[in-house]
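Working notes for the structure below.
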Amino acid sequence: MRYDSELSSLPGLSSRPSQSRPAHVVSLEDFEDLGQVLVYGCRCGEHYAINEADMDNDVHLVACSGCSEVIWIGYKAQSPDYEDEATPGEA
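Quick note on numbering: full-length UniProt numbering labels position 61 of the sequence shown as 61, and the sequence is numbered without any gaps.
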C-alpha cells in the first residue's frame with residue numbers, strides 16, 4: 001500500500017472517513033450479513049464493515065480495512081418497532 005503511505009505523508013490529505021470523499025455509494029442491501037457485522041468487499045481484497053451501533057449513530061461514511069478507499073452506505077434509520085404494543089384506548 002505504498003500509494004496510501006505516500007498520500008498520508010502529503011500535507012492536507014487524510015484517509016480518515018470524516019474528511020474523505022466517498023468513492024462509491026453502496027446500498028446496505030449489497031452487504032453480506034455475518035451476524036454482528038455487515039461487510040462489503042473492496043477492490044483491494046479487504047472489506048468495509050458496519051455494525052448496528054454504527055447505524056444507530058447514523059454512520060454512513062466507512063473506510064476499507066485494507067486501503068484508504070471510503071464508501072457512503074445508503075440506509076434509512078430504523079424507528080423502534082412498536083407494532084406489537086397495543087395503543088392505549090384500543091380494544
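Here a beta-carbon is modelled for each residue, glycine too, at the ideal position from N, C-alpha and C. This one's a predicted model, so the numbers in the text were calculated from it and none came from an experiment.
Item, Value
"Between the alpha carbons of E69 and V37, how many angstroms are there, rounded?", "19 Å"
"Going by DSSP, what residue range makes up the alpha helix (DSSP H) through A53?", "E52 to D56"
"From what residue to what residue does the beta strand (DSSP E) around V70 run?", "V70 to G74"
"Answer yes or no: do V39 and H47 have a C-beta to C-beta separation smaller than 8 Å?", "yes"
"When the Cα atoms are used, what is the spatial distance from A77 to M55?", "7 Å"
"Specify the secondary structure class of L61 as computed by DSSP and reduced to three states.", "strand"
"Taking E52 as the reference, give the member of R43, C42 and G35 with the closest Cα.", "G35"
"Among residues of its own chain, excluding the 5 on either side of H24, which ones have a beta-carbon nearer than 6 Å to its beta-carbon?", "I71"
"Per DSSP, E32 is paired with what?", "V39"
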